[in-house]
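Participant: Below you will find the structure I want to go over with you.
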Amino acid sequence: MADVTPEPGHHPPAAQPPEVGELVDRAVAAVAAWEERFGQPVDHPSLHVDPGRFDAAWRELVRRMEGNFPFFHPRFAGQMLKPPHPVAVAGYLAAMLVNPNNHALDGAPVTSGMEREVMGQLATMFRMPPASLGHLTSSGTIANLEALWVARELQPHKAVVHGANAHYTHGRMCQVLGVPSIAVGSDKRGHLDLDAVGAACRAHDVGTVVVTAGTTGLGTVDNVHEALALRERYGVRLHVDAAYGGFFSLLAWDEATAAQVPADAFRAIAACDSVVVDPHKHGLQPYGCGAVIFADPGVGRLYRHNSPYTYFTSDELHLGEISLECSRAGAAAAALWLTLQVFPPEAGHGLGPILSAGRRAAQQLAAAVEASDRLRLHRWPELDIVAYFPDRPGASAAEISAASERMLHAGMQTRADPLWLSTLKVDAADFAARHPDVPLDAPTVTVLRSVLMKPEHETWVDRLFDRLTALAAAVTPAAAP
Ligand SMILES: *Cc1c(COP(=O)(O)O)cnc(C)c1O
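Residue 0 is where the sequence shown starts when you use numbering that gives the first Met the number 0, and the numbers rise one by one after that.
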């Protein structure tokens, strides 16, 4: 980089693409060195492995693994999937070889502290109050369940309002919790319709409103800043489901990058009651890493319980005392801790450039699709998810759905140059609001969806677009004369 002038005689090592094998070796060696401190290895024949048996099983595993889709590669431009960063793998492996359980300090004397540290970093990323209380969970589903459970404990019998655009988990978990839930539609831009939420608050006894910062389907960001007024007016709690989009907050809080995202909405999370974010989506982590943060640490009392088994070595808070889950991988905390040391949640370096690259890729692909006569953009991306469909003048909703499905399958089945996409079923009314010229002959319309969450997508936009155009041409009958 031109603007870095090294001191005379000082040559900092250049940044390198990480070698997962090298990092894994370091993790294994570090744990082996630590184990040696406890004396000779202790052996038991019951744990021995027959080499032939292992070889056969291993070969079969490798054979079955061939059936995976290449989540790591930019040609996988479908769902929200990518491998963890090698740094996260090394951190996870090192801790996993020890296998701490972040339920209690007794089971996780080291990784409990790491969890506290990363929760502090995530709370700072959202500018939640410094005293806020949070913990990792094994998923966004569990994190949202905890937020809704806390809401129910604080406001028993009151309803939860969420968007029809929200993740399906909210309606489902309300059912689990025995809480009435009300799904509210979207406004013209595809955001939670806050007028309709207000009407629901007047018509029903509503305790909590769920807003989504980065929907799973289209990556749209509800107007969290405008939702704050609902709390004033109706005394509701505001919960933000930022499982997908939460890390984009760090771009919102930096002047240099704020214009890349709906910054007002992200900044308003700071004033909400609770927020959920999934480090296993945009935090470079392997699955098993969600997080929930409560602005008021007082909610910790709702979790109060006694464990006859575990809380014995310390009077300090055990993470299990503020979590609904019991056993949780300490390795997940170690992996996230190591990752955030190397990729801090900052806009200008660390995670920021990774998020910006995916968003740029989405904008570039969207622009190319908009200019194309083979493809039509469903809506302009707010984050890094692009939705589009094969275009043919006069095609009906059902024809568009069928062509999208054909494109999905044709992409995966092309041996020479495969492309993995995903589909999204859009409600016919929402679709018609954007594409009034399309004759509606079905209750939903299937469009294609590409989650460009890998920064490498930025280097592949042209290839992606060329493949999409070719696939659209192949699956769409020529326009009627
Ligand atoms: C992914 C997601 C969830 C569910 O989280 P899991 O980690 O898959 O359990 C909930 N809400 C939103 C907005 C999501 O994107």
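All residues carry an ideal CB built from backbone N, CA and C; glycine is no exception.
1) To the nearest whole angstrom, what separates the beta carbons of Val-460 and Leu-364, a pair I think is in contact under 8 Å?
2) Quick one: Cα of Asp-277 to Cα of Ala-228, how far?
3) Are there three or more Cβ pairs, one per stretch, closer than 8 Å when the stretch 100 to 117 is compared with the stretch 214 to 234?
4) For Met-124, which residues of its own chain have a beta-carbon under 6 Å away from its beta-carbon, when the five flanking residues on both sides are left out?
5) Identify every residue that forms a DSSP beta bridge with His-238.
6) Who pairs with Ser-180 in a beta bridge, going by DSSP?
7) Could you round the C-beta distance between Leu-418 and Arg-448 to whole angstroms and report it? I think they count as a contact, below 8 Å.
8) Do you know how far the Cα of Leu-92 is from the Cα of Phe-71?
9) Within the same chain, show all residues whose beta-carbon is closer than 7 Å to that of Pro-82, passing over the 5 residues directly before and after it, in chain order.
10) Taking 8 Å as the cut-off, is the beta-carbon of Lys-157 closer than that to any non-hydrogen atom of ligand 2?
11) Start and end of the alpha helix (DSSP H) containing Leu-301?
12) Just grab the DSSP bridge partners of Arg-375 for me.
13) Do you know how far the Cα of Ile-321 is from the Cα of Gly-289?
14) So, is Ala-165 buried or exposed, given that buried needs 16 or more other C-beta atoms within 10 angstroms?
15) In three-state DSSP terms, what is Ala-471?
16) Can you give me the Cβ contacts of Met-485 inside the same chain, cut-off strictly under 6 Å, excluding the 5 residues immediately before and after it?
17) Is it the case that the Cβ atoms of Gly-410 and Leu-318 are separated by a distance below 9 Å?
18) With three or more C-beta pairs closer than 8 Å as the rule, is the stretch 188 to 201 touching the stretch 413 to 428?
19) Please work out which residues of its chain come closer than 7 Å, Cβ to Cβ, to Val-444, disregarding the five sequence neighbours upstream and downstream, and give them in chain order.
20) Are the CB atoms of Val-27 and Leu-153 within a distance shorter than 9 Å?
21) Could you compute how far the alpha carbon of Pro-392 sits from the alpha carbon of Ala-386?
22) Look at the alpha carbon of Pro-85 and the alpha carbon of Asp-204, and state the distance between them as a whole number of angstroms.
23) Using alpha carbons as the reference points, say which of Leu-46, Asn-67, Gly-90, Pro-44 lies closest to Val-23.
Facilitator: Put simply:
1) 5 Å
2) 27 Å
3) no
4) Ser-248, Leu-249, Pro-344
5) Val-209, Ser-273
6) Val-159
7) No, Leu-418 and Arg-448 are not in contact; Cβ-Cβ is about 13 Å, not under 8 Å.
8) 19 Å
9) Phe-70, Phe-71
10) The model depicted lacks ligand 2 and carries ligand 1 instead.
11) Where Leu-301 is concerned, there is no enclosing alpha helix (DSSP H), given that its DSSP letter is neither H nor E.
12) Phe-388
13) 15 Å
14) buried
15) helix
16) The chain is shown from 0 up to 480; residue 485 falls before or after that span and cannot be answered.
17) no
18) no
19) Ala-396, Ile-399, Ser-400, Val-425, Ala-427, Phe-430
20) no
21) 18 Å
22) 48 Å
23) Gly-90
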